[in-house]
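Q: Quick one: structure below, then a few questions.
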Amino acid sequence: MYWGLSVLAGIGFYGIALVVASPLEREPVPAFVISGVVIFFWALGWDSSFRCTDSHVSSVNLLVTTTVPWADVQKVTLDGALAITLKDGEELGSVAFGGSLLGDLAGYRTHRRAFEELRSTHHKARASRRGDPYRGTVRRKVTFAWRRLLWATAVVYVPVAAVAVL
Numbered sequence: 060m061y062w063g064l065s066v067l068a069g070i071g072f073y074g075i076a077l078v079v080a081s082p083l084e085r086e087p088v089p090a091f092v093i094s095g096v097v098i099f100f101w102a103l104g105w106d107s108s109f110r111c112t113d114s115h116v117s118s119v120n121l122l123v124t125t126t127v128p129w130a131d132v133q134k135v136t137l138d139g140a141l142a143i144t145l146k147d148g149e150e151l152g153s154v155a156f157g158g159s160l161l162g163d164l165a166g167y168r169t170h171r172r173a174f175e176e177l178r179s180t181h182h183k184a185r186a187s188r189r190g191d192p193y194r195g196t197v198r199r200k201v202t203f204a205w206r207r208l209l210w211a212t213a214v215v216y217v218p219v220a221a222v223a224v225l
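Take the sequence shown: its letters are residues 60 to 225, numbered as in the numbering used here.
Here it is, written out as structure tokens:
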């Protein structure tokens with residue numbers, strides 16, 4: 060639901076931006092500002108998530124990605140919000156899998172599938188590394204997803220610029 064509402068809002072704002080940039084209105088500056096809102100909704104709803112492999116898990120929040128090896132993960136929990144607790148006590152969360160009143164009422168159906176996948180991958184990673192004890196410092200890698208932002212900006216702004224020029 061969270062993802063769907065973000066996508067619908069992004070599509071709605073993008074339609075408004077195209078109309079504002081069109082020859083009917085001829086207002087390119089507001090169209091580019093409205094397109095910035097579309098990129099924000101994309102980063103908030105579509106791009107924010109948990110991503111995992113057999114060796115690590117990543118939490119993406121507004122284009123900032125925090126990656127942690129499974130060996131540094133204590134547990135994966137679903138208590139309203141979906142969270143990954145690290146061995147140093149810190150929690151990794153994702154905006155897309157946060158807690159909400161609607162989620163409480165609906166039972167967090169979308170969260171449960173992601174929770175099961177993350178928990179299963181965590182258990183497999185722990186089982187394969189039985190002799191690897193916790194060594195103290197949690198290894199985090201924090202990155203900014205500038206390539207995804209560049210692609211999103213191109214996809215949003217190139218058609219708006221084309222409509223504004225016409």
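Just so you know, even glycine gets a beta-carbon here, dropped at the ideal spot from N, CA and C.
All of these numbers come straight from a predicted model, not from anything done at the bench.
Going by DSSP, what residues sit across from valine 119 in a beta bridge?
A: Position 60 of the sequence shown, counted from the first residue, corresponds to residue 119. Its beta-bridge partners are Ser108, Thr124.
Q: For phenylalanine 72, does the count of other Cβ atoms within 10 angstroms reach 16, so buried, or fall short, so exposed?
A: To locate residue 72, count along the sequence shown from 1; it is residue 13. Phenylalanine 72 is buried by the Cβ-count criterion.
Q: For the putative contact between leucine 121 and valine 92, defined by C-beta atoms under 8 Å, what is the C-beta separation to the nearest angstrom?
A: By 1-based counting over the sequence shown, the position of residue 121 is 62. By 1-based counting over the sequence shown, the position of residue 92 is 33. Going by Cβ atoms, the distance from leucine 121 to valine 92 rounds to 19 Å, so no, they are not a contact pair.
Q: Can you tell which of Val197, Arg206, Trp210 has the C-alpha that lies nearest to the C-alpha of threonine 126?
A: Numbered from its first residue, the sequence shown carries residue 126 at position 67. Cα-wise, what sits closest to threonine 126 is Val197.
Q: In whole angstroms, give me the CA-to-CA distance for alanine 80 and valine 96.
A: The residue labelled residue 80 in the question sits at position 21 within the sequence shown. The residue labelled residue 96 in the question sits at position 37 within the sequence shown. About 15 Å.
Q: Any heavy atom of the ligand NAP within a distance shorter than 7 Å of the CB on arginine 198?
A: The ligand NAP is absent from the structure shown, which contains no ligands of any kind.
Q: Does the beta-carbon distance from phenylalanine 109 to alanine 173 come in below 8 Å?
A: Numbered from its first residue, the sequence shown carries residue 109 at position 50. Numbered from its first residue, the sequence shown carries residue 173 at position 114. Closer than 8 Å, so yes.
Q: Between which two residues does the alpha helix (DSSP H) harbouring phenylalanine 91 extend?
A: On the sequence shown, position 32 is the one that residue 91 refers to. Start and end: 87-100.
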